[in-house]
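Input: a single structure, listed below in C-alpha cells.
If you want it as C-alpha cells, here you go:
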C-alpha cells in the first residue's frame, strides 16, 4: 500500500511539472494563432530591370513625375502578396514586405478597445494559473519528501489537490477568453491587421495540453487522498468489529484460552468478518467452539 501511494504521488508530481512547463512555454511564445494576410505590393524603388515578386515594377523610377506615363504590368492577384503572421497573448508578429525578418506589435493594442478588458483578464488568469500550478507542485514535492505523521501528509495532499484543481479551472477560463478575444479581433480589428486565413498553432496546443496534464494531476491527487481515507476507515471498521467480538466473549465468561483461539481464527479481511449483530445467531457456551461441559473437572477448576 505504501509503495502504491508513493507511485501515485510521483505520477501526480510528474504531471504537475509537465503542466507547469507547457503552461510557461505557451505563455512566453507567440504562436497561439498563425496565418496569412493579403497585402497590396508596394512600388519597387530604385532601378529595376527584372520583375520582382514582392513589389510592383513600373517603367520609371521617378513616380512623382506626373508628366510620365507609368506602365504597371501586375494585374489581378499579381498585385497582392501573402504575408505570414503569428499571434500570442503578448505580441502579434508579421513578416516584412520583402519576406525577410518580422515586425511585431503588442496584441493588446491590436484588439478592439471593448475587448482589451477581456484580454487583460486572460493575462491575469494565465499568470494565476501558473502560480497556483507551481504552488500545487511545491506541496506535492513536500508530501513526497515528507517523512513523519501520516495525517500531516494527508493535509499536504488535500491542499495540493485544491490548488491544482483551482489552477486547472483558471487555465481553462484563460484559454477560452483568449480564443474569444482573438476571434473578435479578426472580425472587428484594424484593417491593417485582419488576416486572410488563420488557424490555431502549436502554442495553443501546448496551452490546452498543459490544462489536460493539470487536470490529470489533480484527479490523481484527489484519488490518492480518497483512497487513503477509505483505507483508514476500513481499518477502523475492522478494529471496531474485533472489539465488539471481544466484548461479547467477555460477556459470556468464556475461558481466556478459548477466546484466544477464537480471535486467532477470525479472518483479517472485512468481507470475511463475522457480523454478530446481523447474522441472527447467538453466541453461547455450547455453540462457539466446544462444549465446556465435556471438559474434565480438573481443567474446569483450573480455568476457574
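Numbering (our numbering), first residue to last: 139 to 442. Heads up, the beta-carbon is just placed ideally off N, CA and C, and yes, glycines get one too. Just so we're clear, the structure is a prediction, and the values are computed from it rather than from any experiment.
Contact check, residue i vs residue j, beta carbons under 8 Å
i: residue 160; j: residue 355; result: no
i: residue 263; j: residue 308; result: yes
i: residue 317; j: residue 271; result: no
i: residue 158; j: residue 275; result: yes
i: residue 80; j: residue 381; result: Any answer about residue 80 is impossible in this case: the structure gives the chain only from 139 up to 442.
Rounded straight-line distance, which links the Cα of residue j to that of residue i
i: residue 147; j: residue 388; result: 44 Å
i: residue 300; j: residue 353; result: 11 Å
i: residue 247; j: residue 220; result: 23 Å
i: residue 226; j: residue 169; result: 5 Å
i: residue 145; j: residue 373; result: 22 Å
i: residue 294; j: residue 278; result: 7 Å
i: residue 357; j: residue 179; result: 54 Å
i: residue 155; j: residue 222; result: 33 Å
i: residue 241; j: residue 347; result: 29 Å
i: residue 330; j: residue 324; result: 11 Å
i: residue 298; j: residue 315; result: 26 Å
i: residue 174; j: residue 273; result: 39 Å
i: residue 218; j: residue 280; result: 59 Å
i: residue 260; j: residue 350; result: 18 Å
i: residue 249; j: residue 162; result: 23 Å
i: residue 367; j: residue 378; result: 17 Å
i: residue 97; j: residue 371; result: Beyond the ends of the chain as shown, which are 139 and 442, falls residue 97; an answer cannot be given.
i: residue 361; j: residue 375; result: 21 Å
i: residue 230; j: residue 224; result: 6 Å
i: residue 327; j: residue 337; result: 16 Å
Pick from the options that is closest to residue i, judged by C-alpha positions
i: residue 365; options: 309, 269, 296; result: 296
i: residue 319; options: 158, 263, 169, 256; result: 256
i: residue 266; options: 166, 306, 359, 379; result: 306
i: residue 335; options: 150, 176, 315, 167; result: 176
i: residue 289; options: 376, 165, 363; result: 363
i: residue 313; options: 164, 235, 275, 174; result: 164
i: residue 322; options: 228, 251, 222; result: 251
i: residue 311; options: 258, 377, 249, 330; result: 258
i: residue 167; options: 342, 350, 324; result: 342
i: residue 235; options: 337, 228, 193; result: 193
i: residue 291; options: 359, 327, 337; result: 359
Buried/exposed call for residue i, threshold 16 Cβ in 10 Å
i: residue 345; result: buried
i: residue 407; result: Unreliable positioning characterises residue 407 in this predicted model, as indicated by a pLDDT of 43, which lies under 50. The coordinate reading is nonetheless provided below. Looking at its Cβ environment, which holds fewer than 16 other Cβ atoms inside 10 Å, residue 407 is exposed.
i: residue 268; result: buried
i: residue 333; result: buried
i: residue 244; result: exposed
i: residue 238; result: exposed
i: residue 436; result: Note that residue 436 scores a pLDDT of 42, beneath 50, so its modelled location is shaky and nothing firm can be said.
Whole-number beta carbon distance between residue j and residue i, since they are thought to touch under 8 Å
i: residue 339; j: residue 232; result: Not confirmed; about 14 Å, so no contact.
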